[in-house]
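**Q**
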Amino acid sequence: MLPASEGRRLRAARVRLSRTARRLVRTGQHSLRRDAGGHRRSRSSRGARRLGRAARALRWVVAVLGSLGILAASAVVVGYARTPVPTRPQDGVTDEGSTVYYADGRTPLFRLGANRQSVRHGQIPDRLRWAVLSAEDRGFYRNQGVSVSGTVRALVRDASGGDVEGGSTITQQLARNYFQGLSRDRTPGRKIKEIFVALKLDRHRAKDQILDLYLNTVYFGRQTSGAEAAAQAYFGKDVWQLGTAECALLAAMIQRPGYFRTQGGGDAARALRDRWRYVLDGMVSMGRLSRADADRLRFPRTRGEWRGVSVSGQGPLVRQRVLDELESAGIPADAVVNGRLKIYTGLDPRWMASAERAMRRVREPQWPKDVRAGLVAVDPSSGAVRALYSGDPKRGVYDSVFEPVAQAASTFKPYVLAAALRRGFSVRTKVPGRSPLRFAPDGSVTPMTAPGYRVKNDEKIGSLGTIDLVEATALSVNTGFVKAALKTGIANVSATARRFGVPEPVLRPYKGQAGLALGIASVSAAVQAGGYAAFANGGTAVTPHLVTGVVDAHGRRVPLPWDRPGRRVLTGEQAAQATYAMRAVVTRGTGRRAALPDREAAGKTGTSDGNHAAWFVGYVPQLSASVVMTRTKPGPLEGLPGHKGRVSGEDLPSSVWHAFMTDVTRGMPAEPFPAPAFEGTAPNWDDTATGQGGSATEGGGAASPPPSGTPRATGTPGPPSEARTRRKRCTKPGDPRTEVCAGS
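With this note's numbering, letter number 209 in the sequence shown gets 248, and the count goes up by one each step, no holes.
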């Protein structure tokens with residue numbers, strides 16, 4: 040049903056066309072009844088009869104033409120009347136994606152969804168408006184939304200097989216690209232409908248409103264829609280900060296955004312410069328720029344085209360991790376992709392490049408595809424991930440940073456140390472260094488022929504005497520740490536590891552097993568870097584995370600779970616003692632290759648059973664980082680290009696950590712670690728001489744027995760290693776048979 044006003048206009052048009060046709064017919068009849076001299080001719084003559092027949096034929100032709108004209112005019116009127124005023128945008132045309140930024144808050148890592156950011160009328164400078172009008176529609180403020188000459192040219196092109204889109208005004212472009220109702224068919228019929236929509240738009244919307252919609256949605260190239268996104272992509276600034284030359288370049292890009300090039304000297308670059316000059320000349324002719332000012336302008340310099348997370352090809356990993364973290368924070372993916380969010384991370388592109396270089400130094404891109412490598416660095420003050428590397432994507436895309444790809448091995452031992460410190464013992468506590476030893480569930484040493492858990496040190500260490508926990512940490516003495524774990528309580532060790540950030544599900548399968556002290560649980564590199572961050576910052580647990588902040592479309596900051604202060608897991612004194620022990624690893628122990636030339640460093644090496652995986656996790660006061668290498672197939676980690684023999688934590692992982700940390704700490708203040716006072720009791724848990732578990736003490740302390748129900752454990756050691764551990768089947772607790780748990 041047509042509106043009443045449209046119906047009245049239709050009937051009036053029909054009446055006018057009918058009257059015109061009748062006048063034409065009467066005129067033709069009157070002319071045929073007179074001869075050349077103006078006199079009436081005889082109807083009885085043969086010539087008269089011929090003229091009569093001709094007159095009738097002419098009347099018929101005129102009547103047909105008149106009817107066709109009426110029908111055509113009626114069709115135009117009906118078509119226009121039935122064309123609704125466009126109100127609804129096309130699907131996706133107003134979508135504004137979310138942008139993920141590096142730590143500087145300005146450089147984008149990548150974008151999720153459409154790269155568009157709408158701006159208000161007052162934020163669009165007049166110089167950009169006139170530059171775009173000069174390029175696309177110089178008669179915009181004078182026409183009625185349609186250019187007659189441009190439309191005729193477009194129809195001619197269409198009839199001849201040319202470009203049907205030519206000659207469109209800005210209003211027509213908006214009708215075609217913004218509002219629903221027009222198909223993408225390149226036909227005259229679609230062009231006529233486009234004209235109707237443009238006429239309706241011009242009648243029902245203000246010119247400035249039409250131009251604002253256009254500037255906020257038109258495609259400028261570089262995967263950007265809208266002037267604000269284009270200003271950021273080409274010049275790294277907001278649209279209202281653009282100069283005249285920059286505005287003219289954006290306006291010029293609209294014509295052929297997929298072809299023009301802003302840099303170089305090829306045909307596409309020269310064509311853009313010609314178009315840019317055309318835009319400036321148009322602004323001069325429109326009275327919006329003086330000729331002198333136009334002549335002084337120089338073609339603007341643009342930024343290099345942004346290509347996302349190009350550093351070491353880590354884009355897929357970072358993208359997925361960001362989505363996972365936001366999902367865990369209650370922001371689902373569909374609310375992120377086109378939610379107009381600003382998402383900030385702690386990643387530093389220079390540090391990302393440093394991580395890649397450190398791995399390339401050990402020829403990681405040439406490693407077999409079944410070998411995985413990961414490096415991640417965490418800010419101890421917040422838990423923000425500052426850099427990561429998950430392997431060269433040419434060897435395969437996988438996550439060896441946030442996924443638990445390898446057993447923790449001896450990098451788990453600092454949690455045993457922390458558990459002892461939390462129970463009031465100091466790192467001066469004595470433990471046995473002899474090897475091999477067999478332990479009862481209460482931690483006492485039993486004869487090698489008796490039931491129990493058999494532990495052996497690395498062959499490079501051999502059998503030692505009585506040592507303290509500092510020396511046990513420095514040399515990664517397996518027998519000393521199993522003793523400390525059993526005396527402290529395996530349940531206490533597990534609970535402490537959870538407080539440091541080790542997920543409970545990875546610990547649950549090894550509940551009560553002494554092998555947990557030697558790192559039989561698989562953890563991720565990110566978890567280890569985050570866990571050691573608590574030692575670096577003085578005892579506060581942090582959650583490693585990529586996303587440091589989220590701002591919604593209204594400018595409000597979205598709270599994140601890790602924004603809350605971390606829980607204190609050690610006192611400052613306890614953290615200082617643990618660091619003192621791990622400094623010994625770097626200064627005189629298994630991690631000497633990780634030592635930094637200009638500052639103190641602390642950390643721990645790790646090598647799993649059979650050299651299947653190798654680690655180094657370490658820190659300075661301002662940064663904690665972990666490096667892991669492992670195989671995805673059974674067998675040792677060996678035969679890597681440039682490295683003879685099997686890989687252990689003390690060689691390649693330590694070397695990579697050293698290279699990365701040396702690079703990123705350059706220029707960073709060399710802060711010292713706090714000196715410990717060695718508070719706490721220091722019992723002597725070495726009962727290898729007397730067989731009396733914990734009977735001798737030093738400093739008046741007494742060891743707390745492990746909780747009841749701790750299973751007995753026996754096992755045979757694997758190939759010797761400073762932290763080599765084996766995962767074995769265990770019988771159920773309480774089974775009278777000997778339980779077989781972790782090996783050495």
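Ideal placement from N, C-alpha and C gives every residue a C-beta, glycine not left out.
Keep in mind that this is a model prediction, so the values were computed, not measured.
Can you give me the start and stop residues for the beta strand (DSSP E) that P471 sits inside?
**A** Segment K469 to P471, the beta strand (DSSP E) holding P471.
**Q** Tell whether a beta-carbon distance below 8 Å holds between R314 and Q294.
**A** Going by C-beta atoms, R314 is nearer than 8 Å to Q294.
**Q** Helix, strand or coil, according to DSSP, for H697 in the structure here?
**A** Looking at H697 - three-state DSSP - the assignment turns out to be helix.
**Q** Report the rounded CA-to-CA distance for G354 versus A572, giving the unit in angstroms.
**A** Each residue's alpha carbon lies about 25 Å from the other.
**Q** Quick one: measure Cβ to Cβ for G605 and V566, integer angstroms, because I've assumed they're closer than 8 Å.
**A** Rounded, the Cβ-Cβ distance is 14 Å, inconsistent with contact.
**Q** Give a yes or no on contact between the stretch 628-644 and the stretch 375-384, applying the rule of three or more CB pairs nearer than 8 Å.
**A** The stretch 628-644 is not in contact with the stretch 375-384.
**Q** Using only CA atoms, which one of P339, M322 and V415 lies nearest to V357?
**A** The candidate whose alpha carbon is nearest that of V357 is V415.
**Q** Only counting runs of 3 or more residues, tell me where the beta strand (DSSP E) segments fall wholly within the stretch 462-545, in order along the chain.
**A** 469-471, 476-478, 492-494 and 505-507, all fully within the stretch 462-545.
**Q** When burial is assigned at 16 or more other CB atoms within 10 Å of the CB, is R670 buried or exposed?
**A** Buried.
**Q** Please check the pair V376 and G136, which I expect to be a contact at CB under 8 Å, by giving their CB distance rounded to whole angstroms.
**A** With 8 Å as the limit, V376 and G136 qualify as a contact, their Cβ atoms being about 7 Å apart.
**Q** Once DSSP output is grouped into helix, strand and coil, what is the label at S157?
**A** Here S157 sits in coil by DSSP.
**Q** Should the stretch 451-470 be regarded as contacting the stretch 504-524, the criterion being three or more beta carbon pairs within less than 8 Å?
**A** The answer is yes - the stretch 504-524 touches the stretch 451-470, with three or more Cβ pairs under 8 Å.
**Q** Starting from the C-beta of E710, find all residues in its chain whose C-beta is less than 6 Å away, skip the five residues before and the five after it, and write them out in chain order.
**A** So the qualifying residues of the chain are P660.
**Q** Counting Cβ pairs closer than 8 Å, one from the stretch 539-553 and one from the stretch 424-436, do we hit at least three?
**A** Too few Cβ pairs lie closer than 8 Å, so no.
**Q** Within its chain, find whatever has a CB closer than 6 Å to the CB of A614; leave out the 5 residues flanking it on each side and keep chain order.
**A** Hits under 6 Å: F574, G577 and G578.
**Q** How about S502 and R473: do their beta carbons lie closer than 8 Å?
**A** The answer is yes: Cβ separation under 8 Å.
**Q** Just list the alpha helix (DSSP H) runs in the stretch 376-444, keeping only unbroken ones of 4 residues or longer that don't cross its boundaries, in chain order.
**A** Counting only runs of 4 or more, we get 388-400.
**Q** Rounded to the nearest angstrom, what separates K522 and F478 at their Cα positions?
**A** Roughly 8 Å separates the two Cα atoms.
**Q** Measuring straight from C-alpha to C-alpha, what distance separates G611 and P708?
**A** C-alpha separation (whole angstroms): 21 Å.
**Q** So which of G674, E395, P673 and T701 has the shortest CA-CA distance to G657?
**A** Here the closest residue by C-alpha is T701.
**Q** What does the alpha-carbon distance come out to for the pair A620 and S420?
**A** Taking the straight line joining both Cα atoms gives about 21 Å.
**Q** Roughly how many angstroms lie between the CA atoms of H243 and T210, to the nearest whole one?
**A** Whole-angstrom Cα-Cα distance: 12 Å.
**Q** Among the residues of its own chain, which have a CB less than 6 Å from the CB of L679, if the five just before and after it don't count?
**A** Closer than 6 Å at the Cβ level, and outside the excluded window around L679, lie W406.
**Q** Going straight from the alpha carbon of V624 to that of A268, what length do you get?
**A** In a straight line, the C-alpha of V624 is about 51 Å away from that of A268.
**Q** Taking the CB atoms as reference points, tell me whether F274 and R342 lie closer together than 8 Å.
**A** Result yes, Cβ atoms of F274 and R342 sit closer than 8 Å.
**Q** What residues match up with R785 in a beta bridge as DSSP calls it?
**A** Residue 785 cannot be examined here, being either before or after the span of the chain that is shown, 40 to 783.
**Q** Go through its chain and collect everything with a Cβ distance to S157's Cβ below 6 Å, but skip five positions before and after it.
**A** Around S157: N255.
**Q** When you compare each of A564, P475, R400 and E403 to T727 by their alpha carbons, which one comes out closest?
**A** Comparing Cα positions, the closest option is P475.
**Q** Go through its chain and collect everything with a Cβ distance to M292's Cβ below 6 Å, but skip five positions before and after it.
**A** The residues are F259, G260 and F299.
**Q** Compute the Euclidean distance between the alpha carbons of A447 and S439, then round it to the nearest angstrom.
**A** Rounded to the nearest angstrom, the two C-alpha atoms are 13 Å apart.
**Q** So if DSSP puts W654 in a beta bridge, which residue, or which two residues, is it bridged to?
**A** BP columns for W654 point to G645 and V667.
**Q** Taking R150 as part of the beta strand (DSSP E), name the residues at either end of that continuous run.
**A** P147 to L151 is the span of the beta strand (DSSP E), which, as asked, contains R150.
**Q** Relative to the C-alpha of R6, which residue among T518, G719, A272 and T485 is closest?
**A** Since the first residue of the chain shown is 40 and the last is 783, residue 6 is not available in this structure.
**Q** Determine the DSSP secondary structure at N723, reduced to helix, strand or coil.
**A** Strand at N723.
**Q** Quick one: Cα of L281 to Cα of V171, how far?
**A** Going by the C-alpha atoms only, they are around 13 Å apart.
**Q** Thinking L460 and A592 are a contact (beta carbons under 8 Å), I'd like their distance in whole angstroms, please.
**A** That belief does not hold up - the Cβ atoms of L460 and A592 are roughly 47 Å apart, past 8 Å.
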